[in-house]
């Protein structure tokens, strides 16, 4: 038997004795430490008390103290907010005798029979620097009479009553049953899409909650809501200084209209397949947290997310009428998405450093299916061609971010972080074009993707120095991506011979650096000046390759230089007026160097096709923004805002024979004027009104090379929001809300294209009253009116709706 095995055997034979010895030693050490701590705390308290001038303490009152009558009102008004059952400051609680006499992080605060020696009295008298209670700005100081009551209570032997806040478990209930009825005339699907509510009867619980509080501060709660097509429930168990557990589930339904596009020139101008399209979106989650006082805060969680249902698409099918065709036939797809998320968060402070780490791991599975009529003659006729598409995508993504921050000096705050992300994914697409009388030929794409990203950042906040504050930051990024796929492409016409099956490869590398800089100056009277800047430099290397009978090879180096500046001020020279204004300049220059651009390995000259002939892109934005706030009277506050945005797009290309001479061309322009006016009135103590009017004029143009089907996108948007409330008495109030929105972006290019701009008017009115019954119940009865007009769709999307809503909110006890 070897010496090591002998030692192991001896340890096994003596395990019981070792455990007993260890227990005795541990108990002895704990008792000794406890005695030392008690003596130490007493000594510290005596030392602190010795430094107190007791003559500055208000004398105790000369009467018998009753807790509920004399002490409880003081605690409820001033103390329980910070030293009650919910996350007590300094771990000191005053809601029960055991915890109050035990003390908190600062030691024992109450010495029964010795109010003059009790730190609690010193703190509320505010004679201990940096320990004033309540802290300055957190509440009014206690009066000498209140301090005298506390002193007498301690001197007489502090007692709590049977009504002690946390002496027995308490359970609170809240329930808000609700019912609604909505009737819609016109396009009910469009109403459901706008407001996420279906017409007819619906009801349930708008809110429910059960919260139980235990003597040691534990809390168990269940809350959520359950209304038709909208459900949520969460269970939370929380024990202070130990941890928590949360479990939950929620699901809601999003509706979609099944109406396609509109073209005035056809006999059947619009189509509606009357499918009840909707998407159910939800998640289930669980979290376990550890919140031990001296340990890092740790949270481990799992979440399951899902989407199931059908949604409408803008990829409409084409309708043929005579020699004219327009894409206006409705389309939809079925979605089945499942995502599993694992997360772990850690947060800790040690030696002035705050460390935070967040991990996320995501497993996703997405499947979509759609069957679209590609070509169809006008009217109720079978499709000429259909497209059947199935898409699948699976991925795993892991990301971990770590962050470190510290207040280095009184004028320097520093932070930094690192993020790593990995993505592995594969996707496939199967498409089959079905022709009437001709069997379709399938097409298949698949791709495998692998990507890694690294981000580093450093940040600093400096100052203030005589009103000057400076903040800086830098972040770099490195991303590498590899893609590999195959394309089994068959011709659109199945009578043609099949094409070759190419293999596609893609490699992508990006390196980027971003810098931010901000200044803030506050020494100008009544004024704050600020300036901000952001720069980003980016370099991209990308290769694309397709290997088949017609090889394709492209290698591109791209660079981006972004500059963004913003400067402005905020000033309030008079109490009733404040004004702020700013100017922003944004410039983004991208250059592309296509080192290789070939469609055949034997090719010696450059490929002249799109998109490699684009050499550069330039985006410039100028923005001016201002806001004026004016309070002409105590009961009236107004504000006026205005913003001007102008963006120009320029593109530089290679020359193309018989096409374009190349060089820089004006590619597009976006201009917008945005303004709003707001007023808040309280002319009477019981009346409140708020109203906002906003207006936006926007115009987007592009170089269309004489193509009349591409029209300028230009129009106005008006909106009005208004609300008023009148308090009839302490138990009753009436209210009304109104919202209005109008847009006129309609386009006049129907002769050569499909007008895609929209014209609409939307009105919404809600009015009702609330009534309180004692302290435990409140009722709310409301009427709502909705009206929508859309001339640009030939009014096929119009609707008028009326709704009645009733809710009762009950609180027990």
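In our numbering, the protein residues as written are 446 to 1258.
We treat Cβ as the ideally placed atom computed from N, Cα and C, and that holds for glycine.
Simplified DSSP state of residue i, which is helix, strand or coil
| i | result |
| --- | --- |
| residue 1086 | strand |
| residue 1239 | coil |
| residue 502 | coil |
| residue 492 | Model confidence at residue 492 stands at a pLDDT of 42, short of 50, so the residue's coordinates are unreliable; what they give is reported in the following sentence. Helix at residue 492. |
| residue 1018 | strand |
| residue 1006 | strand |
| residue 1316 | In the structure displayed, the chain extends from 446 to 1258; residue 1316 sits before or after that span and is not available. |
| residue 512 | helix |
| residue 1077 | strand |
| residue 604 | coil |
| residue 742 | strand |
| residue 671 | strand |
| residue 677 | strand |
| residue 664 | strand |
| residue 536 | helix |
| residue 713 | coil |
Through-space distance from residue j to residue i, alpha-carbon basis
| i | j | result |
| --- | --- | --- |
| residue 1115 | residue 858 | 40 Å |
| residue 892 | residue 832 | 21 Å |
| residue 575 | residue 684 | 30 Å |
| residue 504 | residue 738 | 37 Å |
| residue 1062 | residue 1234 | 40 Å |
| residue 863 | residue 802 | 10 Å |
| residue 651 | residue 530 | 28 Å |
| residue 916 | residue 985 | 29 Å |
| residue 671 | residue 1215 | 22 Å |
| residue 1067 | residue 1013 | 14 Å |
| residue 1186 | residue 1139 | 9 Å |
| residue 760 | residue 806 | 33 Å |
| residue 811 | residue 834 | 14 Å |
| residue 991 | residue 1042 | 12 Å |
| residue 639 | residue 1183 | 16 Å |
| residue 785 | residue 866 | 17 Å |
| residue 1137 | residue 1125 | 9 Å |
| residue 1091 | residue 1015 | 23 Å |
| residue 960 | residue 1117 | 29 Å |
| residue 1021 | residue 664 | 46 Å |
| residue 1206 | residue 877 | 41 Å |
Local Cβ density within 10 Å of residue i, reported as buried at 16 or more and exposed below that
| i | result |
| --- | --- |
| residue 771 | buried |
| residue 1039 | buried |
| residue 546 | exposed |
| residue 1275 | Not covered by the structure: residue 1275. The range shown for the chain is 446 to 1258. |
| residue 507 | exposed |
| residue 553 | buried |
| residue 598 | buried |
| residue 1228 | exposed |
| residue 514 | exposed |
Residue range of the alpha helix (DSSP H) that includes residue i
| i | result |
| --- | --- |
| residue 546 | 542-547 |
| residue 634 | 633-640 |
| residue 591 | 589-600 |
| residue 526 | 525-528 |
| residue 569 | 564-570 |
Beta-carbon gap between residue i and residue j smaller than 7 Å
| i | j | result |
| --- | --- | --- |
| residue 1164 | residue 1203 | no |
| residue 736 | residue 688 | yes |
| residue 987 | residue 1005 | no |
| residue 594 | residue 569 | no |
| residue 720 | residue 703 | yes |
| residue 782 | residue 752 | yes |
| residue 775 | residue 824 | no |
| residue 728 | residue 750 | yes |
| residue 870 | residue 840 | yes |
| residue 675 | residue 697 | yes |
Start-to-end residues for the beta strand (DSSP E) that takes in residue i
| i | result |
| --- | --- |
| residue 894 | 887-910 |
| residue 584 | Unbroken run through residue 584: none, as it is neither H nor E. |
| residue 802 | 798-822 |
| residue 644 | That residue, residue 644, is in no beta strand (DSSP E); it is neither H nor E in DSSP. |
| residue 1157 | Per DSSP, residue 1157 belongs to no beta strand (DSSP E) and is neither H nor E. |
| residue 879 | 857-880 |
| residue 521 | Note, residue 521: premise wrong, no beta strand (DSSP E); not H, not E. |
| residue 991 | 972-992 |
| residue 953 | 948-966 |
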